[in-house]
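Asks:
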Amino acid sequence: METREQNILTDLEQVTVTASQGKRLTNYLIDLFSFYIIVAVAGVIIAYMGQDAFVEEAYSRSYTNFVLLDRLLGRLFGFLLYASYMFFIETVFKGKSLGKLITGTRAVMEDGSRIPVKISLLRSLSRAVPFELFSALGSGCNPWHDRWTNTMVIDEKESGLLQK
Numbered sequence: 004m005e006t007r008e009q010n011i012l013t014d015l016e017q018v019t020v021t022a023s024q025g026k027r028l029t030n031y032l033i034d035l036f037s038f039y040i041i042v043a044v045a046g047v048i049i050a051y052m053g054q055d056a057f058v059e060e061a062y063s064r065s066y067t068n069f070v071l072l073d074r075l076l077g078r079l080f081g082f083l084l085y086a087s088y089m090f091f092i093e094t095v096f097k098g099k100s101l102g103k104l105i106t107g108t109r110a111v112m113e114d115g116s117r118i119p120v121k122i123s124l125l126r127s128l129s130r131a132v133p134f135e136l137f138s139a140l141g142s143g144c145n146p147w148h149d150r151w152t153n154t155m156v157i158d159e160k161e162s163g164l165l166q167k
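Per the working numbering: the sequence shown = residues 4 to 167.
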């Protein structure tokens, strides 16, 4: 007769509880604020290093010739910079950002597993889509960057998935 050891943890069904809209909004605001702090500090460092003359020259020339194009490219650059920031943070901290750390939430795959690097990149780039922020409004709070990558943000405490 063969004996089998069973691990009780693998026999339990994994239940994930999605984070509330309030927590998702709090995550976004904290992450956006921390992003702006980093950009501001980087701007001060660049200005301190003597690069402010270059920046002033670029702005004075572009504002007189290509105001609309300059603003459009600035917005696009800002979106891509924010997407890069979120990709880096969520990849390094395994689905967490500063906002998610504070609210006790984590981004995971729909099956509850950790997000692979490729999916983290796609999730972050999805944030650069215009009006993506508004896709989180409504019932369920399921923004495009979650829908398109089959991910979700869970409440770790309510899900019982306090991962390392």
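Heads up, the beta-carbon is just placed ideally off N, CA and C, and yes, glycines get one too.
Thinking C-alpha only, which one of A110, A50 and L28 is nearest R126?
Replies: A110
Asks: Can the beta-carbon of D158 be found less than 7 angstroms from the beta-carbon of V20?
Replies: Pairing D158 with V20 gives a Cβ-Cβ distance under 7 angstroms.
Asks: At 4 residues or longer, what runs of the alpha helix (DSSP H) sit wholly inside the region 81 to 112?
Replies: The region 81 to 112 contains these whole alpha helix (DSSP H) runs: 101 to 106.
Asks: With DSSP as the reference, please indicate the residues paired to T21 in a beta bridge.
Replies: DSSP output for T21 lists I157 as bridge partner(s).
Asks: Please return the same chain residues whose Cβ sits closer than 7 angstroms to the Cβ of I105, not counting the five positions on each side in sequence.
Replies: I33
Asks: Cutting at 6 angstroms between CB atoms, please list the residues of its own chain near E161, excluding the five before and the five after it.
Replies: Short of 6 angstroms from the beta carbon of E161, and not among the five residues preceding or following it, lie these beta carbons of its own chain, in chain order: V20.
Asks: With a threshold of 7 angstroms on Cβ separation, who are the neighbours of L128 within its own chain once the five nearest residues in sequence on each side are excluded?
Replies: Around L128: A86.
Asks: Using a C-beta cutoff of 7 angstroms, does M155 count as contacting chain B?
Replies: Note that chain B does not occur in the displayed structure, where there is just one protein chain.
Asks: Can you find the residues in the same chain that come closer than 7 angstroms, C-beta to C-beta, to K97, ignoring five residues on each side of it along the sequence?
Replies: Once the five neighbours on either side are set aside, the close Cβ partners of K97 are R117.
Asks: Taking buried to mean at least 16 other C-beta atoms within 10 Å of its own C-beta, is G81 buried or exposed?
Replies: exposed
Asks: I'd like the span of the alpha helix (DSSP H) that includes D149, first residue to last.
Replies: W147 to R150
Asks: What is the rounded straight-line gap between the Cα of P133 and the Cα of L140?
Replies: 15 angstroms
Asks: Does DSSP put L76 in a helix, in a strand, or in coil?
Replies: helix
Asks: Can you grab the Cα-Cα spacing for the pair D149 / V47, in whole Å?
Replies: 34 angstroms
Asks: Roughly how many whole angstroms lie between the Cα atoms of D114 and Y88?
Replies: 25 angstroms
Asks: Which same chain residues, not among the five before or five after I11, have their C-beta less than 8 angstroms away from its C-beta?
Replies: Its pLDDT being 43, under 50, I11 is placed unreliably in this model, and the value from its coordinates should be taken loosely. Closer than 8 angstroms at the Cβ level, and outside the excluded window around I11, lies no residue.
Asks: Helix, strand or coil, according to DSSP, for A131 in the structure here?
Replies: DSSP places A131 in coil when its eight states are reduced to three.
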